[in-house]
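Colleague: Dumping the structure here so I can ask a few things about it.
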Amino acid sequence: MTLAKKIVIFNADTAKPYLEKHWGDFSDMAIEMLESSRGETPLVEYVTYQVCLNEFPVIDDLKSPDVIGIYITGSVQDSFSNSVKWIVKLREMMSIILQDENFPPVAGVCFGHQIVAASLGYKVDRNAAGLEIGVVPVHLTPEAIELGIFQDDRNVTRTIFLSEVHGDVVYEVPEGFTNLGFTEKCSVQGLYKKNRVLTVQGHPEFSTDVDLLIMHHNMEAGLVSFEKYTEIEERSRRSKNQGPLVAKGLWKLFNGII
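When you line the sequence shown up against UniProt numbering, it's residues 1 to 258, in that order.
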């Protein structure tokens with residue numbers, strides 16, 4: 001069966017051996033997240049390009065009316081790198097896509113969030129506040145609340161809890177974009193432009209178990225102390241991971257609602 005509509009995924013990292021067996025790579029997690037939150041949206045085809053291996057589409061093919069969205073995954077790489085060739089190429093491609101309304105809307109998580117800002121020439125760099133990891137409370141800006149992107153139609157949502165694993169941050173909100181949220185360690189937690197872009201610094205595709213496994217891996221690598229890991233694990237287990245709520249927001253973008 002040929003499906004009418006497509007979502008193109010730019011996978012920006014290779015599979016992690018300690019995650020792959022149960023969860024696959026970041027594109028697999030993205031598809032699982034989107035499918036579990038698709039609701040009444042008709043079935044779509046997911047087309048993945050391994051951009052981290054220098055696999056890119058022909059850019060004009062993305063203008064096809066069959067493509068309803070582009071999704072950029074997370075990555076351990078730096079979105080602002082000038083030495084990694086595929087990242088430079090991705091920024092060049094995204095700069096064109098983001099400035100031409102004939103292309104489909106763009107969603108991005110973590111690295112994908114950062115690459116949007118970097119592609120438009122805005123500052124992305126190491127976070128002076130250090131790593132942000134675990135399930136973290138993200139405080140929505142008044143603008144985000146008014147837009148209703150992450151509202152559940154019952155009570156006004158002012159804070160959402162998302163998995164976070166990042167050491168880089170977006171420092172500047174691009175002109176014409178809205179900052180959706182902030183945390184103790186990161187002042188730009190999401191970017192939005194009507195009918196064009198929705199990004200989050202967090203990982204809505206990560207379950208709490210995935211987040212904690214990555215954090216445990218970082219602890220074993222000496223990036224996080226055992227004491228810090230224990231503290232963050234306890235906090236994360238107590239918090240409701242609201243990745244599915246963000247996923248519904250991504251569908252609003254792809255369906256032309258926001």
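Just so it is clear, CB atoms sit at the ideal spot from N, CA and C, and this is done for glycine as well.
Take V138 and list the residues in its own chain whose beta-carbon comes closer than 6 Å to its own, dropping the five residues that flank it on each side.
Modeller: So the list reads I160, L162, G181, T183 and Q189, once near-sequence residues are dropped.
Colleague: If we ignore side chains and look at the alpha-carbon of each, how far apart do K63 and K5 end up?
Modeller: Distance between the alpha carbons of K63 and K5 is about 12 Å.
Colleague: State yes or no: is the C-beta of S27 within less than 9 Å of the C-beta of Y46?
Modeller: A contact, by the Cβ cut-off of 9 Å.
Colleague: Could you tell me the boundaries of the beta strand (DSSP E) in which Y49 lies?
Modeller: From DSSP, the beta strand (DSSP E) with Y49 extends over V44 to Y49.
Colleague: So, are the CB atoms of A129 and K123 less than 9 Å apart?
Modeller: For A129 and K123, no; Cβs fall outside 9 Å.
Colleague: By Cβ distance below 6 Å, which residues in the same chain neighbour F111 in space, the five residues on each side in sequence not counted?
Modeller: Cβ neighbours of F111 beyond the five flanking positions: A12, G74, S75 and S79.
Colleague: G176 to G69, Cα distance in whole Å?
Modeller: If I take the Cα positions, the gap works out to 20 Å.
Colleague: Give the straight-line distance between the Cα atoms of K185 and E132, rounded to the nearest whole angstrom.
Modeller: If I take the Cα positions, the gap works out to 7 Å.
Colleague: Below 8 Å on the Cβ atoms is my guess for V67 versus V109; work out the distance and round it to an integer in Å.
Modeller: 19 Å between Cβ atoms; not a contact.
Colleague: Restricting to runs no shorter than 3 residues, where is the beta strand (DSSP E) found entirely within the UniProt domain "Glutamine amidotransferase" (93-208)?
Modeller: Segments of the beta strand (DSSP E) lying fully in the UniProt domain "Glutamine amidotransferase" (93-208): 106-109, 124-126, 132-140, 159-166, 168-170, 190-193 and 197-200.
Colleague: Check for me: the beta strand (DSSP E) holding K5 runs from which residue to which?
Modeller: Where K5 is concerned, the enclosing beta strand (DSSP E) stretches over K5 to F10.
Colleague: Would I115 pass as a contact of L140 if the rule is Cβ separation under 9 Å?
Modeller: Cβ atoms of I115 and L140: not closer than 9 Å.
Colleague: Can you check whether the CB of H203 is closer than 9 Å to the CB of E233?
Modeller: The answer is no: Cβ separation not under 9 Å.
Colleague: Nearest to Q151 by alpha carbon, out of I59, N54 and Q242?
Modeller: When only C-alpha atoms are compared, the closest one is Q242.
Colleague: With S236 and L212 assumed to form a contact (beta carbons below 8 Å), what rounded beta-carbon distance in angstroms separates them?
Modeller: About 6 Å separates the two Cβ atoms, so the contact holds.
Colleague: Just to confirm the assignment, what range does the alpha helix (DSSP H) spanning G243 have?
Modeller: Note, G243: alpha helix (DSSP H), G243 to F254.
Colleague: Using only the alpha-carbon positions, how far apart do E35 and A107 sit?
Modeller: If I take the Cα positions, the gap works out to 15 Å.
Colleague: Compute the Euclidean distance between the alpha carbons of P17 and N82, then round it to the nearest angstrom.
Modeller: Looking at the two C-alpha atoms, the distance is approximately 27 Å.
Colleague: Kindly indicate the opening and closing residues of the beta strand (DSSP E) around I72.
Modeller: Its beta strand (DSSP E) spans residues V67 to I72.
Colleague: Along the chain, where does the alpha helix (DSSP H) containing K21 start, and where does it finish?
Modeller: P17 to W23 is the span of the alpha helix (DSSP H), which, as asked, contains K21.
Colleague: Within a Cβ cutoff of 8 Å, which residues of the same chain sit near T178, ignoring the five residues on either side of it in sequence?
Modeller: Correct list, in chain order: T141, E143, A144, L147, L191, Y192 and K193.
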